[in-house]
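Take any residue in the sequence shown, note its place counting from 1, add 355, and you have its number in my numbering.
All C-beta atoms in this analysis are idealised placements derived from N, C-alpha and C, irrespective of residue type, glycine included.
Because the structure is a prediction, the values reported are computed rather than measured.
Below is one structure, written out as structure tokens; comments come after it.
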Amino acid sequence: KRRKAHFAQLDAQREEARRTKERLVAEAEALSGSTDWGPTAARYRELMADWKAAGRAQREHEDDLWNRFRGAQDVFFAARSSVFAERDAEQTENLKLKEELAEEAEKLLPIGDLKSARAAFRTINERWEAIGHVPRDARPKVEGRMHTVERALQEAEEAEWRRTNPEARARAVGLTGQLQAAVDKLGAQIEQARAQGNSARADKLERELEGRQALLDQALKGLQEFGG
356 KRRKAHFAQL DAQREEARRT KERLVAEAEA LSGSTDWGPT AARYRELMAD WKAAGRAQRE
416 HEDDLWNRFR GAQDVFFAAR SSVFAERDAE QTENLKLKEE LAEEAEKLLP IGDLKSARAA
476 FRTINERWEA IGHVPRDARP KVEGRMHTVE RALQEAEEAE WRRTNPEARA RAVGLTGQLQ
536 AAVDKLGAQI EQARAQGNSA RADKLERELE GRQALLDQAL KGLQEFGG
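As structure tokens, this is what we get:
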């Protein structure tokens, strides 16, 4: 009697496992045509965990259920692999095209004629934008090459703006003039102090002159950016 009860319980458990696995198979087969690759792959992993937790169905059902369950997954993962392989090939080709454009952009350096360099870079960048994604691990390097050229153009534009900005030029000329006058005045004061035999004052003025001369040199260098 106990043995009979034990087998009855086993049969009930296997029947429950069969019903559970039928539901899992139905969902697996429904998902097999999905192109929502990430979430579907994650769901298949969950279904596999549920399958293992369900226990074994009756022997005459177990193999058939497993073959259907596994077959549905195989259809999905084969399709995903095919798409990913095609995508990888496309992205590798895109990388080659972008590397060629980066090399073309780098030939604009150093920036000479700003107007023509800007126009050439704009054309290169439009072609760049028309190309699709590249492999993720290669993206920082190839994009970094383009950013280097872009930064050089921006710096050249800023220098051009400073050079042609009348207000900034006027300020630079005014500052340079003030510093030159201060340097000339200090020079005269030093000569006067030496002539009077006041070497202590002359030495002090010399040190002050060194500081002003350094500022004047810096201002003159800045003025050169304005063509002055």
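- Message: Buried or exposed, going by whether 16 or more other CB atoms sit within 10 Å of the CB of W406?
- Response: buried
- Using 8 angstroms as the threshold, is the segment 482-499 in touch with the segment 540-560, meaning 3 or more CB pairs across them? Result no; under three Cβ-Cβ pairs closer than 8 angstroms.
- Looking at the C-beta of R374, does it have a partner C-beta in chain D at a distance below 9 angstroms? Reference to chain D is not applicable here, since this structure consists of a single protein chain.
- Message: Taking a contact to mean a Cβ-Cβ separation below 9 angstroms, would you say E461 touches R435 in this structure?
- Response: no
- Throw me the rounded Cβ distance for the A507 and L464 pair, which I believe falls under 8 angstroms. 6 angstroms
- Identify, in the order they occur along the chain, each residue of the same chain with its Cβ nearer than 7 angstroms to the Cβ of N449, setting aside the five sequence neighbours on each side. I486, G487, H488 and V489
- DSSP state of E489, grouped into three classes? It should be pointed out that residue 489 corresponds to Val in this sequence rather than to Glu. Residue state, collapsed to three classes: coil.
- Task: Could you check what DSSP says for D572 in three-state terms: helix, strand or coil?
- Result: helix
- Task: Spatial neighbours of Q428 within its chain, please: CB distance less than 7 angstroms, with the 5 preceding and 5 following residues excluded, ordered by chain position.
- Result: A383 and Y399
- Message: One question on the structure: do L402 and R373 come within less than 9 angstroms of each other, judged by their Cβ atoms?
- Response: no
- Could you tell me whether the Cβ atoms of G388 and V438 are closer together than 9 angstroms? no
- Which value, in whole angstroms, describes the spacing of the CA atoms of R482 and A511? Those two C-alpha atoms are separated by around 23 angstroms.
- Tell me, to the nearest whole angstrom, how far the beta carbon of V538 is from that of Q568; I am working on the premise that it is less than 8 angstroms. 6 angstroms
- Task: Would you tell me roughly how many angstroms separate the C-alpha atoms of A444 and E458, rounded to the nearest one?
- Result: Near 22 angstroms, if we compare the C-alpha coordinates of E458 and A444.
- Query: What do you reckon, are the CB atoms on R524 and R518 nearer than 9 angstroms?
  - Reply: yes
- Query: Counting along the chain, where does the alpha helix (DSSP H) carrying T503 start and finish?
  - Reply: R494 to T519
- Message: Can you find the residues in the same chain that come closer than 8 angstroms, C-beta to C-beta, to A472, ignoring five residues on each side of it along the sequence?
- Response: L463, I466, L508 and A511
- Item | With 16 other Cβ atoms within 10 Å as the buried cut-off, status of K470 | exposed
- Query: Alpha carbon to alpha carbon, what distance is there between D468 and G566?
  - Reply: 37 angstroms
- Less than 8 angstroms between the CB atoms is what I'm expecting for Q413 and R369, so what's the real figure, rounded? Yes, they are in contact, since the Cβ atoms of Q413 and R369 sit about 5 angstroms apart, within 8 angstroms.
- Message: By the DSSP assignment, the alpha helix (DSSP H) with T390 in it spans what residues?
- Response: T390 -> no alpha helix (DSSP H), and no H or E assigned at all.
- DSSP-derived helix/strand/coil call for G418: At residue 418 the sequence reads Asp, which differs from the Gly that was named. The answer is helix: DSSP assigns D418 an H, G or I state.
- Using the Cα positions of T395 and F432, report the straight-line distance between them to the nearest angstrom. 10 angstroms
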